[in-house]
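**Student:** Following my numbering, the numbering of the sequence shown begins with 2 at its first residue and continues without gaps.
For each residue, glycine too, the CB sits at the ideal point set by N, CA and C.
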Amino acid sequence: MKHSLLAICLFSSIGAAQETRPALTGKSFLPDDHRLVVHADLLAMRERGIWDELEVSALKLVFKQMEKEVGFPIASLDRITMVGVLLADEAGRVRPREVVVFEGNTALKPADRVRQNSEADSIGGYEVLRRQHRPILIVQPRPELLVEGEESLVRPVLEGKPHTGMPCADVMSLLSGRKDQLAWFVFDVTAPEIKKNALGKLFPDAVWAEGEEPTFLCLRLVVLGDPDDPHLGFEGVLRHTKEGEGVAVSERAADAWLERLRKEPTLRGALPILKRVEKKRDRGDLVYSVDLGRARDAVGHAATLIGPLFMPRLEAAEAAEAVETVELVEEAPAQKPKK
2 MKHSLLAICL FSSIGAAQET RPALTGKSFL PDDHRLVVHA DLLAMRERGI
52 WDELEVSALK LVFKQMEKEV GFPIASLDRI TMVGVLLADE AGRVRPREVV
102 VFEGNTALKP ADRVRQNSEA DSIGGYEVLR RQHRPILIVQ PRPELLVEGE
152 ESLVRPVLEG KPHTGMPCAD VMSLLSGRKD QLAWFVFDVT APEIKKNALG
202 KLFPDAVWAE GEEPTFLCLR LVVLGDPDDP HLGFEGVLRH TKEGEGVAVS
252 ERAADAWLER LRKEPTLRGA LPILKRVEKK RDRGDLVYSV DLGRARDAVG
302 HAATLIGPLF MPRLEAAEAA EAVETVELVE EAPAQKPKK
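(1) By how many angstroms is the C-alpha of proline 32 removed from the C-alpha of valine 91?
(2) Can the beta-carbon of glycine 234 be found less than 8 Å from the beta-carbon of leucine 225?
(3) In the DSSP assignment, the alpha helix (DSSP H) including arginine 47 goes from what residue to what residue?
(4) Pull up the distance between the alpha-carbon of threonine 191 and that of proline 215, whole angstroms please.
(5) Pull up the distance between the alpha-carbon of aspartate 286 and that of alanine 299, whole angstroms please.
(6) If you reduce the DSSP assignment to three classes, tell me which class aspartate 229 lands in.
(7) Going by alpha carbons, who is nearest to serine 174 out of Leu268, Asp283, Pro97?
(8) Using the beta-carbon count (16 or more within 10 Å), is histidine 134 buried or exposed?
(9) Do you know how far the Cα of lysine 69 is from the Cα of leucine 147?
(10) Does the structure place the segment 45-64 close enough to the segment 198-209 that three or more beta carbon pairs sit under 8 Å?
(11) Write down the C-beta distance between valine 84 and glutamate 104 rounded to the nearest angstrom, noting that I regard them as a contact closer than 8 Å.
(12) Looking only at DSSP bridge pairs, what is glutamine 182 linked to?
(13) Could you tell me if serine 251 is buried or exposed, where buried requires 16 or more neighbouring beta carbons within 10 angstroms of its beta carbon?
(14) Could you spell out where the beta strand (DSSP E) holding glutamine 66 opens and where it closes?
(15) How would you call lysine 213, buried or exposed, if buried means at least 16 neighbouring beta carbons within 10 angstroms?
(16) Of the residues Gly247, Arg132, Pro74, which one's Cα is nearest the Cα of arginine 108?
(17) Taking just the CA atoms, how far does arginine 253 sit from aspartate 206?
(18) Under a Cβ-count criterion, where at least 16 other Cβ atoms within 10 Å of its own Cβ denotes burial, should glycine 247 be classed as buried or exposed?
(19) Counting only the same chain and skipping the five closest in sequence on each side, list residues whose C-beta sits under 7 Å from that of glutamate 160.
(20) Are cysteine 169 and histidine 35 close, meaning C-beta to C-beta below 8 Å?
(21) Locate the beta strand (DSSP E) running through leucine 200, then write down its first and last residues.
(22) So, helix, strand or coil for serine 251, using DSSP?
(23) Report the three-state DSSP secondary structure of glutamine 141 (helix, strand or coil).
(24) When DSSP builds the beta bridges, which residues end up paired with arginine 80?
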């Protein structure tokens, strides 16, 4: 009898602890002190009438492909955040480990192809999907919150160790003081792999002295001007730890990159916008900005600029989807002939 009472008390205390456990939010899954983040606030874009223009622009094919990949309508999504953390694998190679948080205005669900290529599991009382042959977990703490990320980053959260979601000081500084940001992309460019793939491709001829290289790249879409007549603006920031020759090297390299864009035949329609780009220095920050105009004009300019960058990826994604469909058909068990 005593043992039964003890068991009842024990399970009751466990149940009470689970009930009082803080509810997981999107930020709970974002690693603390992160240095690479991509974020888009679709709700804010809808409230300002920007999304309506995007949906009928030349980017609509891109959005259709995005819907195929995520498995739900973009209209169901309010915010999306991706955070990357650089970690070494067993071979010592450093690569980003990612967590993507989808926050919706209605129930979200993973794409069918994701569920078909995943195995069900349970961690910390949460039902999860584990991608086959990949250390990726998918979890849905509540219907309108969907998280997909590296198991080494997601598992601790499900086991009772949530994060605060606070980025590192530089990322926080680059994003602070601006309530009119709709989307941003900030990442540390000091890691050798990222430096090679980002700065090396953007500025192939630039050579910085040791300690004078850019440390962060920030790109953001912002709202400018009078609230009754808002314009969209685009800003790019190259951050350096100090003022000096390193900023000058970056400025020459960025100016040369802009000049190449102005001569690019596929971007001829965006030439008026490229000619309006302004620049300034703010201590160690080199800032380039451009007013894209009212929402309708801005979306047209953005489609002209971004379209050529996305189309090769769109074609590659469609090809990959076709291959995956063939593989699923080939792996499906053959049906037994009817007697």
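**Tutor:** In brief:
(1) Rather than valine, the amino acid found at residue 91 in this sequence is glutamate. Their backbone Cα atoms lie some 21 Å apart in a straight line.
(2) Taking 8 Å as the cut-off, the beta carbon of glycine 234 is found closer than this to the beta carbon of leucine 225.
(3) Element bounds for arginine 47: 43-48.
(4) Rounded to whole angstroms, the separation of the alpha carbons of proline 215 and threonine 191 is 7 Å.
(5) Aspartate 286 and alanine 299 have their C-alpha atoms some 25 Å from each other.
(6) In the structure shown, aspartate 229 sits in coil (DSSP, three-state: anything other than H, G, I, E or B).
(7) That would be Asp283, whose Cα lies nearest to the Cα of serine 174.
(8) It counts as exposed.
(9) Each residue's CA atom was taken as its position, placing leucine 147 and lysine 69 some 16 Å apart.
(10) With the cut-off at 8 Å, the segment 198-209 and the segment 45-64 do not touch.
(11) The Cβ separation is near 14 Å, so there is no contact.
(12) Paired residue(s): Val223.
(13) In summary, serine 251 is buried, with 16 or more beta-carbon neighbours lying within 10 Å of its beta-carbon over all protein chains present.
(14) Residue range 61-71 is occupied by the alpha helix (DSSP H) that includes glutamine 66, with no beta strand (DSSP E) assigned at that position.
(15) Per the sequence shown, residue 213 should be read as glutamate rather than lysine. Buried.
(16) Looking at the sequence itself, residue 108 is alanine, so the reference to arginine does not match. Across the set Gly247, Arg132, Pro74, the C-alpha of Pro74 shows the shortest separation from the C-alpha of alanine 108.
(17) Those two C-alpha atoms are separated by around 10 Å.
(18) Buried: at least 16 other Cβ atoms inside 10 Å.
(19) Correct list, in chain order: Ile124, Gly125.
(20) Closer than 8 Å, so yes.
(21) In this chain, leucine 200 is not harboured by any beta strand (DSSP E), its DSSP state being neither H nor E.
(22) If DSSP states are grouped into helix, strand and coil, serine 251 belongs with the helices.
(23) Glutamine 141: strand per DSSP, three-state reduction.
(24) Arginine 80 is bridged by DSSP to Asp42, Glu104.
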